[in-house]
Amino acid sequence: MKKLHQEGIQIGQFQPGVRDSIADVEGVSVGHVDVEAGNTQVGLSVVEPYPLSEGRRRLYIGRWALDGGGRISGLGVAEDFGTFSAPIAVVPAPAFGRVYEALIHQGIRRNSGLSTDAGWPPLVMGMEDGAWNDARRIYESVRQRDLDRALSAASEAVLEGSVGIGHSLRAFGVRGGVGSASRRVGAQHMGAFVAANGGLPGDLRVNGRAVSTPVSTVGGPQEFVAVLATDAPLLPYQLRALAQRAALGASRCGLWNPLTRTAQICAFSTAVLESDASAAELERIPAMDDDGLDALFQAGAESVEAAILSALCEADPLEVDGRVLDVLDIRLLHAARQ
Amino acid sequence: MDRRTFIGLGLGALLPWCAPSWTSAKSLEDRARARSLGIVIGSMQPGPFNAITDVPGVRVGHVTLVRGDGPLVVGEGPVRTGVTAILPHGGTLSREGCYAADFTLNGNGELTGVGFVRQRGLLAAPILFTNTSSVGNVYDGALRWMMDRDPGLFDRGDRIEPIVGETWGDFLNDTAGRHVRPEHAYEAIEAAQSGPVAEGCVGGGTAMRAFDFKAGIGTASRIVPCADARYTAGVIVQSNFGRRDQLRVDGVPVGREILDQRPERGGPRKNKSMLVVVATDAPLIPVQLQRLCKRVSMGLARTGAISSHGSGDLFIAFSTGKRVVLDQPVDAYALNNRWISHLHQAVIEATEEAILNSLTMAHSMTGRDGNTYHALPLDRLVQIMRAHGRIE
């Protein structure tokens, strides 16, 4: 059971799905891998939008980023066509090229006849963890096989806290991590996966109440990544709007401040498949009118907010070379029960 | 060295005519730049090299990988690929940037690193062109080069990363074999220099085609008089797009008059793409550079391109006119917009001419499974241009 649930913390007005994770959106799974790199805390995480065994699908996606920044590949297709096909890999920035190469290789193995098409373009999101980790060591340590391991490990039981990319994250002066949450909106589902990173000590808010955190590290690199999935049939422009609104969830819990340098959110829908194979002149596209979006926007923001708090709750303390990176004291959350 | 094996490392800039030893002598001797054939695009004057390197400080390097012949054996070859590196200035790239902007005409391509460009309005990294399956390795090698020169790259939170673009060259190359290694990107950056730029079947353009002729890398420049100053605008392209009947040269429908010399063997070729870098020493801020970037589309259109659905037409422009040292106060100034139309014209003319050079400088090439792209026959090109009154 999630620690956030154990503590009786509820965020927002919508109810979570069965798993309270992004995997409540059918077909979506998450995999993590930890990378051996001496004292450096390294790992990477992948969100698989559909089971890779089912071959290639093309889904709609929308992306929003603070100032348009952030390390990301596959942007040309994602922005101009509003589609993607690849697993979304969230990785330490020095490993960006190597993971991209691994995804190309993975796509070729999935469908050698189509060569790079099966996994193209790779969707890699790179995160920087600054002076906490040794960038050169990350660069030397992450191997292509680590991506394969993360893909193989993908599961509907989404691990949270200090796993995968969560290893190297810091938030509010304590250890950050990866987190996930979901919301039900009628028969539809909204799920978030976050790499919770950023926020200054003293900024944390849970249901509007300040929660103090020990200051065990200097401010993090103020960099945040989230992936949203929904089974609601949204078109790319609607998904971009969803990503923008979901960003407010990160603001609500105080993860963002005016100094936040980089934040990017990708939102995708599993409901609409663009077909390569169909020769039909017209393709039917199930779509929602904009009036139905408000509840989904709300659910997206709530999912992101809950996923960030869950990441903090599930993180483990860390000691490296005598430096201790503490975690959030969960007992302090009691005051924030609603 | 096996006479069927050739690996040219950065020879491009030194030996513009340099080409693989297995190519027949005939196909080499008749290659020439469009302007030397008498084809004059537009009304503005080119710089001394008629290349992007006419913009002071801009350097270009190629690593060309050509190895093996015969049937495709994934992982072995035949290999027809490479890397082209474009460096905006000679300083420490990750500490000193140039104002920059990017523009997507059609998105079916990859250009990494534009997040930083859009957020900070700066280019502070090398730009590299390669083939589609090699983006990861090229990024990896370029990042190592940057870390070697700036060990604190990841300590300052600048989020600088290499700009890597690609086009699809599957018809001649063992694309799935992923033969470009990180070291090749490193070598291409190290090989970058000023002066004449090798064109045609070199670097990232090695396996590419345009209008169903062999193509690849092309470059051109224009001198831009603005009040009392003379600025330069330069363009470099990696051409890989276009149907034969679309090709126009200075408005002449050349493609409709050369219907033979079609690619031999293989199925239909998809994923047409076009990478373009624009450089200028005119001091421009990002919003002005974005406008220049859009004008690339017009140069592209003059060659007959339609930017088809499968195309990744991705452009980036930078200005060396004002060096921005990161984390230091900026003393920004910019060209008065009263003069910017001259730069628009320069970019359009240079783009059109660079694409033509990518065709006229490329020699015929045979690659995997004996697949062949023929070079645009220059004697016929000249005849057609003469018949249309464009060449005396």
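Those protein sequence lines, which keep their order, are chains A and B. For the numbering used here, count along the first sequence from 1 and bump the result up by 368. For the numbering used here, count along the second sequence from 1 and bump the result up by 1. Don't be surprised by glycine CBs; every beta carbon is placed ideally from N, CA and C.
Alpha-carbon to alpha-carbon, residue j and residue i
| i | j | result |
| --- | --- | --- |
| A439/B | L123/B | Shown here, chain B extends from 2 to 393; a query on residue 439/B therefore has no answer. |
| Q289/B | S222/B | 18 Å |
| I237/B | A433/A | 30 Å |
| G436/A | V115/B | 9 Å |
| V181/B | G376/A | 54 Å |
| Q46/B | I224/B | 6 Å |
| F104/B | L276/B | 11 Å |
| E354/B | H90/B | 24 Å |
| A335/B | T321/B | 11 Å |
| I307/B | G252/B | 15 Å |
| N138/B | N107/B | 24 Å |
| K27/B | L379/B | The pLDDT assigned to K27/B is 47, lower than 50, so where the model puts this residue is not dependable; a value taken from the coordinates is nonetheless given after this. C-alpha separation (whole angstroms): 12 Å. |
| A411/A | Y468/A | A quick correction: the sequence has Gly, not Ala, at residue 411/A. Going from the Cα of G411/A to the Cα of Y468/A covers about 15 Å. |
| I190/B | A669/A | 44 Å |
| S443/A | I476/A | The sequence as given places Leu at residue 443/A; Ser does not occur at that position. Going from the Cα of L443/A to the Cα of I476/A covers about 20 Å. |
| G196/B | D55/B | 7 Å |
| H375/B | E200/B | 16 Å |
| V692/A | H702/A | 25 Å |
Neighbouring residues, chain A, relative to residue i (Cβ below 8 Å)
| i | result |
| --- | --- |
| R231/B | The contacting residues do not exist; R231/B stays about 34 Å from chain A at best. |
Which of helix, strand or coil DSSP assigns to residue i
| i | result |
| --- | --- |
| G399/A | strand |
| E687/A | strand |
| K27/B | Residue placement at K27/B is flagged as unreliable, the pLDDT there being 47, under the threshold of 50; a coordinate-derived value is accordingly withheld. |
| P226/B | strand |
| Q46/B | coil |
| D159/B | coil |
| P378/B | coil |
| T176/B | helix |
| L437/B | Residue numbering for chain B in the displayed model covers 2 to 393; residue 437/B lies beyond these limits and cannot be assessed. |
| V75/B | coil |
| N407/A | strand |
| Q239/B | strand |
| S548/A | strand |
| G368/B | coil |
| A208/B | coil |
Chain-order list of residues whose beta-carbon lies under 7 Å from that of residue i (same chain, five-residue window excluded)
| i | result |
| --- | --- |
| V672/A | A560, V562, A594, A614, G617 and A618 |
| R608/A | G430, R431 and W432 |
| R381/B | I259 |
| F319/B | P89, C99, Y100, A101, L124, A280 and L290 |
Neighbouring residues, chain B, relative to residue i (Cβ below 8 Å)
| i | result |
| --- | --- |
| A503/A | M148, L154, F155 and D156 |
| A461/A | F155, R160 and E162 |
Neighbouring residues, chain A, relative to residue i (Cβ below 7 Å)
| i | result |
| --- | --- |
| F117/B | G437 |
| V136/B | Y468 |
| T105/B | G444, E447 and D448 |
| D141/B | G465, R466 and E469 |
Chain B contact residues for residue i, given Cβ-Cβ distances below 7 Å
| i | result |
| --- | --- |
| T630/A | R160 |
| P601/A | Residues of chain B passing the Cβ test: none, with the nearest at roughly 22 Å. |
| S441/A | E111 and T113 |
| E496/A | F155, G158 and R160 |
Residue i and residue j closer than 8 Å at C-beta
| i | j | result |
| --- | --- | --- |
| I53/B | A388/B | no |
| E524/A | E682/A | no |
| L327/B | A125/B | yes |
| R245/B | R303/B | no |
| N565/A | G544/A | yes |
| T638/A | P417/A | yes |
| V118/B | I317/B | yes |
| L285/B | Y100/B | yes |
| G305/B | G256/B | yes |
| N358/B | A35/B | yes |
| T628/A | G438/A | no |
| V75/B | D141/B | no |
| G48/B | T65/B | no |
| Y507/A | A463/A | yes |
| R466/A | L420/A | no |
Contact set between residue i and chain A, taken where Cβ atoms lie within less than 9 Å
| i | result |
| --- | --- |
| N109/B | G444, V445, D448, F449 and P489 |
Cut-off 8 Å between Cβ atoms - residues of its own chain near residue i, not counting five sequence neighbours on either side
| i | result |
| --- | --- |
| S37/B | none |
Test: residue i CB closer than 8 Å to a CB of chain E
| i | result |
| --- | --- |
| T82/B | Of the protein chains in this structure, namely A and B, none is chain E. |
Same chain, Cβ closer than 6 Å to residue i, five either side skipped, listed in chain order
| i | result |
| --- | --- |
| D31/B | L379 |
| V403/A | V410, G411, S509, V510 and D514 |
| G206/B | G217, I218 and Q239 |
| V165/B | T113, L129, V136, V139 and Y140 |
| A635/A | G430, L596, L607, L610 and A611 |
| V203/B | G13, H63, T65 and I218 |
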